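Notes follow once the structure below has been shown.
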DNA sequence: CCCGATCCACTTGTCTGACAATACCTCCGC
DNA sequence: GCGGAGGTATTGTCAGACAAGTGGATCGGG
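Protein chains in written order, with the numbering used here: chain A, 2 to 244; chain B, 2 to 244.
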């Protein structure tokens, strides 16, 4: 509801496509992304690709130093903890402000609805956690963007880039406890519409901490099954496994 | 202590110089900054200037839409309130984490010392609030960067760009209640070294709220002396006064 | 005289092509 | 087997160019 009818510029389009590719793990973590490759892949000039890469670096979805090739970062356990701690701070503040107004945005409601639908459809089967994760993120983004401060929304967006990346890297399979998530969302919405600032903030923090713990559990299960990678010394070429 | 010995790239240098120019009000708020002008001023190619401008836009120190020329934003009262509200959220979180560690960084101590010196020297005279404001900002930045989360520091840096801008736009003259500021800083340092998380967070928030109120008072005094600009309708071309 | 439409200068978006500087990889000699 | 020299790949930066869009000025009509 912000950029409707805006002319989409070329670097922005490349940026969006690449961002989606990275989050969806189509370009694996740890792999390099050269300007030339991007330029050829999308059929644009190298400066255009360069601009797109720079935006991704600014967003935290790519890392690059000096004259070296950009790499998709491999987020570790500490990154998850750090990301969710900061997200909790920002999103709690956002939900408190939203509760002050006491109005629940329509987009959050529709995101919640599609999440419920997805939860029902994916009852026994678990076909692509992608749509589920996307609906969940849309729910949170809608809430934060409905709150009156555009700068707070920017801070949130800055974190959510990496959050999406680590959801993709760690999860990428199934979203556990889907029913609980839906219930927690509903609780937040109720607190907001009731104008209960304290409750909205507390529920938001609890919800995010819960999401973090689920991610950490899954991370630990996945990583402990793999050999090594416990010390700080080797993981250089050893971590370039298939992911 | 982060980028020591790093090769400084050309767009980055232009970006830094321009940023400094904007914050120091050498390029007045509301004025336009074209890519060509920047390129000629620094003797670089237009793409280089373009890159620098894009970084400034991402930082919030310039605003630009579609095909229009970038402008230095004119921050109003609501912007100040919003900026300081977000800054309080981020910086309170940072100080709480710093208090958990319980160690006061050296850079904060030296910034505090230079602030005390500057306060003593500027007893009766008020020669350039620039160094004072800079020392104050260095103090806060040192605290936030000493805290363990790099992402939280990034969020803070993103806000501080605009904060510096609005300090320059509103203040630019004298920093009031300098003694109080120094005392509040000391209180925060004491709370951190004592490991009192709650106290550090509370003092930080109070300090930032106080700074905001001083700025708002000064803003109101200055702006009320000017004609008009009270409704939401006219301020379009009426706000392009000399500033 | 005022209002509207057309035109033009300016600015930005993007491309091509190129060169220098730096980093990484390979190969050769010891 | 190991260390250093060279080549290749990649990035940083530039110059010049053209298309597209914006804003203001000019001109004509009412």
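By construction, the Cβ of each residue, glycine as well, lies at the ideal position given by its N, Cα and C atoms. As the structure is a prediction and not an experimental result, all values here were calculated from the model.
What is the DSSP secondary structure of residue i, counted as helix, strand or coil?
| i | result |
| --- | --- |
| residue 64(B) | strand |
| residue 34(B) | strand |
| residue 27(B) | coil |
| residue 119(A) | helix |
| residue 46(A) | coil |
| residue 200(A) | helix |
With a threshold of 9 Å between beta-carbons, can residue i be considered close to chain A, or not?
| i | result |
| --- | --- |
| residue 135(B) | no |
| residue 13(B) | no |
| residue 83(B) | yes |
| residue 74(B) | no |
| residue 52(B) | yes |
| residue 55(B) | yes |
| residue 132(B) | no |
| residue 30(B) | no |
| residue 212(B) | no |
| residue 180(B) | no |
| residue 61(B) | yes |
Which two residues bound the contiguous alpha helix (DSSP H) that contains residue i?
| i | result |
| --- | --- |
| residue 106(A) | Neither: residue 106(A) is in no alpha helix (DSSP H) and is coded neither H nor E. |
| residue 170(B) | Per DSSP, residue 170(B) belongs to no alpha helix (DSSP H) and is neither H nor E. |
| residue 179(B) | 179 to 195 |
Using a Cβ-Cβ cut-off of 9 Å, state whether residue i counts as contacting chain B.
| i | result |
| --- | --- |
| residue 152(A) | yes |
| residue 169(A) | no |
| residue 198(A) | no |
| residue 90(A) | yes |
| residue 173(A) | Confidence is the limiting factor: at residue 173(A) the pLDDT is only 49, short of 50, which leaves the residue's position unreliable, though a coordinate-based value still follows. Not an interface residue. |
| residue 156(A) | yes |
| residue 159(A) | yes |
| residue 163(A) | yes |
| residue 94(A) | yes |
| residue 86(A) | yes |
| residue 106(A) | no |
Please list, in chain order, all residues of the same chain as residue i whose beta carbon is under 6 Å from its beta carbon, the five residues on each side excluded.
| i | result |
| --- | --- |
| residue 193(B) | 99, 100, 105, 201 |
| residue 132(A) | 119 |
| residue 49(B) | 11, 12 |
| residue 165(A) | 24 |
| residue 52(B) | 12 |
For residue i, which residues of its own chain have a beta-carbon under 8 Å away from its beta-carbon, when the five flanking residues on both sides are left out?
| i | result |
| --- | --- |
| residue 154(B) | 95, 145, 146, 148 |
| residue 81(A) | 167, 171, 213, 216, 217, 220 |
| residue 140(B) | 109, 112, 113, 116, 186 |
| residue 32(B) | 72, 73 |
| residue 183(B) | 113, 116, 117, 120 |
| residue 85(B) | 164, 209, 210, 212, 213, 216 |
| residue 103(B) | 193, 194, 195, 196 |
| residue 189(B) | 96, 144, 201, 204, 205, 208 |
| residue 18(A) | 43 |
Leaving out five residues before and five after residue i in sequence, what residues of the same chain have Cβ atoms less than 7 Å from its Cβ?
| i | result |
| --- | --- |
| residue 88(A) | 160, 164, 209 |
Between the segment 73 to 92 of chain A and the segment 198 to 211 of chain A, do at least 3 Cβ pairs fall closer than 8 Å?
-> yes
Evaluate the contact criterion for the segment 41 to 49 of chain A versus the segment 13 to 24 of chain A: three or more CB pairs, one atom per stretch, below 8 Å.
-> yes
May I ask you to verify whether the segment 103 to 121 of chain B touches the segment 48 to 58 of chain B, counting CB pairs closer than 8 Å and requiring at least 3?
-> no
Below 8 Å, can you find three or more Cβ-Cβ pairs linking the segment 26 to 38 of chain B to the segment 177 to 187 of chain B?
-> no
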